[in-house]
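Novice:
In the numbering used here, the protein residues as written are -8 to 80.
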């Protein structure tokens, strides 16, 4: 898979994981709490994952939402902190 396709795949995974947790990255961007640099860093961490297929399966199993990310997610702490902030707001 080319570098650009791989980056796009992981961008979709990050967006899907955020959505599954109830985090709207577009809204976070408009509110100034999420930048293109944040997204790039998050996608790059995701690209370090050795098993994106496992993530895809988890996302399919949790399409109705989840309260926490799977333990293996390289962005677990970041996404859960965002979710917690939004829930408590």
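Every residue gets a Cβ at the ideal spot worked out from N, C-alpha and C, and that includes glycine.
How is the alpha helix (DSSP H) around residue 37 delimited, first residue to last?
Specialist: Looking up residue 37 in the chain shown gives position 46. Unbroken alpha helix (DSSP H) run through residue 37: 27 to 38.
Novice: Would you give the residue range spanned by the alpha helix (DSSP H) that residue 48 belongs to?
Specialist: For the purposes of this step, residue 48 is taken as the residue at position 57 of the chain shown. Start and end: 43 to 52.
Novice: So which of 65, 20, 75 and 28 has the shortest CA-CA distance to residue 57?
Specialist: Within the chain shown, numbered from 1, the residue matching residue 57 stands at position 66. The shortest C-alpha separation from residue 57 is found at 75.
Novice: Smallest Cα separation from residue 52: which of 72, 38 and 12?
Specialist: Counted from its first residue, the chain shown places residue 52 at position 61. Closest option to residue 52, Cα to Cα, is 12.
Novice: Considering residue -4, what are the terminal residues of the alpha helix (DSSP H) in which it resides?
Specialist: Within the chain shown, the letter at position 5 stands for residue -4. Where residue -4 is concerned, the enclosing alpha helix (DSSP H) stretches over -6 to 11.
Novice: In angstroms, rounded to a whole number, what distance separates the CA positions of residue -3 and residue 9?
Specialist: Along the chain shown, read from residue 1 onward, the residue named residue -3 stands at position 6. Along the chain shown, read from residue 1 onward, the residue named residue 9 stands at position 18. For residue -3 and residue 9, the distance between alpha carbons rounds to 18 Å.
Novice: Roughly how many whole angstroms lie between the Cα atoms of residue 46 and residue 14?
Specialist: As a working note, residue 46 is residue 55 in the chain shown. As a working note, residue 14 is residue 23 in the chain shown. Approximately 17 Å, taken between the alpha carbons.
Novice: Figure out for me which residue from 28, 79, 59 and 55 has the closest Cα to the Cα of residue 96.
Specialist: Absent from the structure is residue 96, since the part of the chain shown begins at -8 and ends at 80.
Novice: To the nearest angstrom, how far is it from the Cα of residue 40 to the Cα of residue 65?
Specialist: Here the question's residue 40 lines up with position 49 in the chain shown. Here the question's residue 65 lines up with position 74 in the chain shown. Their backbone Cα atoms lie some 7 Å apart in a straight line.
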